[in-house]
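Order-wise, the sequence lines are chains A and B. Quick note: the first sequence, position 64, residue 64 per our numbering, numbers continuous. Quick note: the second sequence, position 98, residue 1098 per our numbering, numbers continuous. Shown next, in structure tokens, is the structure this report addresses.
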Amino acid sequence: KQEVTQIPAALSVPEGENLVLNCSFTDSAIYNLQWFRQDPGKGLTSLLLIQSSQREQTSGRLNASLDKSSGRSTLYIAASQPGDSATYLCAVSKSSYKLIFGSGTRLLVRP
Amino acid sequence: GAGVSQTPSNKVTEKGKYVELRCDPISGHTALYWYRQSLGQGPEFLIYFQGTGAADDSGLPNDRFFAVRPEGSVSTLKIQRTERGDSAVYLCASSPGGTASGNTIYFGEGSWLTVV
């Protein structure tokens, strides 16, 4: 059974810091891995999607890497801002439609 | 440019009552998903529709839960004889096709269900 774990569960950093969020999964047979952002009381917004054949994806200050063989992904946020405060969730896709999510990392960026 | 719309946004119901949650996906999206999210946890898969048919309902917790999508657009999640453990946020999502091919999935803001 696929399990997705995110570390740390919560993170508080001062504005401007570069930071790394970690995601690990137990079954490397995945189609892709996605990182989502969730603001309090809101739905999820897709940030980055990495196909299983890819190693990384970048969007602005965000960079996500994927090491499928070791079952790990990282989300790197450069020059963090208070507006980055949210919960970040990773999810793996083992079928054409079903996502399996981790529990998320709650990020607080202090001004 | 409407996104995925869910109603009601909040629902408080008494134990044992029947509840319907509605999802209006992005126009033209053939794939529709329901997930359930408990406090402090990631969403858990409930059911997936491709068009009008439920292609995978393996995530529905028991036979009190049922979902329909009769015309391939709007979907309704139905919960009978609600229990306090059903309290959660029910998230609906849609995508142009399956997510394995890289289609972006769009989530609604959810329906927060509280069973008292």
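Cβ coordinates follow ideal geometry from the N, Cα and C atoms, glycine included.
Check, Outcome
"Beta strand (DSSP E) segments (min. 3 residues) lying fully within the segment 1036 to 1094 of chain B", "1044 to 1050, 1053 to 1056, 1065 to 1068 and 1075 to 1079"
"Any 3 or more C-beta pairs closer than 8 angstroms across the segment 17 to 27 of chain A and the segment 1081 to 1094 of chain B", "no"
"Neighbourhood of A:Thr45 by C-beta distance below 7 angstroms, restricted to the same chain and skipping five residues each side", "Phe36 and Arg37"
"Neighbour list for A:Gly16 in chain B, Cβ cutoff strictly below 8 angstroms", "Under the 8 angstroms cutoff, chain B gives no residues; its nearest Cβ is about 28 angstroms from A:Gly16."
"The segment 96 to 107 of chain A contacting the segment 52 to 64 of chain A, beta-carbon criterion three pairs below 8 angstroms", "no"
"Residue range of the unbroken beta strand (DSSP E) whose run includes A:Thr58", "Glu56 to Ser59"
"Euclidean distance between Cα positions of B:Ser1111 and A:Lys68", "34 angstroms"
"Counterpart residues of A:Thr74 in DSSP-defined beta bridges", "A:Asn22 and A:Ser65"
"Beta-carbon contacts of B:Gly1003 that lie in its chain and below 8 angstroms, excluding the five residues immediately before and after", "Ile1026, Tyr1106 and Gly1108"
"Contact the segment 1010 to 1018 of chain B vs the segment 21 to 34 of chain A: 3+ CB pairs below 8 angstroms", "no"
"B:His1029 to A:Arg110 span [Cα, whole Å]", "39 angstroms"
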